[in-house]
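Peer 1:
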Amino acid sequence: MPEITSDKENLVPESLAPLKLPADRELVMRVMPMPADANGNGDIFGGWIMAQVDLAGSVLPSRIAKGRITTVAVNQFIFKQPVSVGDLLSFYARVERIGRTSVTVHVEVYAERNPADLHVVKVTEANLTFVAIDSQGQPRLIPKP
Ligand SMILES: CC(C)(COP(=O)(O)OP(=O)(O)OC[C@H]1O[C@@H](n2cnc3c(N)ncnc32)[C@H](O)[C@@H]1OP(=O)(O)O)[C@@H](O)C(=O)NCCC(=O)NCCS
Numbered sequence: 017m018p019e020i021t022s023d024k025e026n027l028v029p030e031s032l033a034p035l036k037l038p039a040d041r042e043l044v045m046r047v048m049p050m051p052a053d054a055n056g057n058g059d060i061f062g063g064w065i066m067a068q069v070d071l072a073g074s075v076l077p078s079r080i081a082k083g084r085i086t087t088v089a090v091n092q093f094i095f096k097q098p099v100s101v102g103d104l105l106s107f108y109a110r111v112e113r114i115g116r117t118s119v120t121v122h123v124e125v126y127a128e129r130n131p132a133d134l135h136v137v138k139v140t141e142a143n144l145t146f147v148a149i150d151s152q153g154q155p156r157l158i159p160k161p
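Numbering (our numbering), first residue to last: 17 to 161.
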């Protein structure tokens, strides 16, 4: 007969919980890069990371715009640390500005690495602007909340 364990025993041990991930912004995406996303040294291509940041950055603006949006500008993009195959990447976003037709967001990317001795590293941060567009691809007003 299987042993019955209490709920407390089924909790993730504290040592495995993510450390120092930000609490003041929203987790919008998590992804783990695969070997196909890496160069010959095992580091992940910057272009792959940029595509993920674009996707993650669009989550809050698309919620605010309540419809179709497009990226109009990547105002800043910083690669602080290399990303490796096996890193678990978490994308955190914060809305910086809501304009007439645009929403600007700040995205920070954290890598959780080395599960045996888990630590968290900020690998990338970026600032992007998205524009709400209509069915003709023209800017439209951001709806009032
Ligand atoms: C996005 C697009 C519809 C905007 O059209 P537009 O005629 O330039 O629109 P506007 O000049 O009225 O600008 C619209 C908003 O974008 C903002 N914007 C425009 N250029 C910007 C820039 N370089 N940086 C930050 N914001 C910018 C404007 O400030 C405005 O925001 P606001 O209304 O909140 O003040 C058009 O440029 C476009 O289709 N671009 C291609 C988008 C695309 O294909 N993206 C995918 C990447 S390949």
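No residue lacks a Cβ here, since even glycine has one placed at the ideal position from N, Cα and C. Note that the structure is predicted; figures quoted are calculated from it, not measured.
Say whether the segment 113-127 touches the segment 59-73, bearing in mind that this needs 3 or more beta-carbon pairs closer than 8 Å, one atom from each stretch.
Peer 2: Enough Cβ pairs lie closer than 8 Å, so yes.
Peer 1: What's the gap between the Cα of serine 6 and the Cα of glutamate 42?
Peer 2: No information on residue 6 is available, as it lies outside the stretch 17 to 161 that the chain covers here.
Peer 1: Quick check: is any heavy atom of ligand 3 less than 6 Å from the C-beta of alanine 89?
Peer 2: By its list of ligands, the structure shown excludes ligand 3, since it contains just ligand 1.
Peer 1: Beta-carbon within less than 6 Å of leucine 105's beta-carbon, same chain only, minus the 5 sequence neighbours each way: which residues are those?
Peer 2: Val47, Val125, Ala127
Peer 1: Output yes or no for whether 7 Å exceeds the beta carbon distance between glycine 56 and serine 100.
Peer 2: no
Peer 1: Enumerated in chain order, which unbroken segments of the beta strand (DSSP E) with a length of 3 residues or greater are wholly contained in the segment 88-135?
Peer 2: 104-114, 118-129
Peer 1: At what residues does the alpha helix (DSSP H) containing arginine 79 begin and finish?
Peer 2: 75-81
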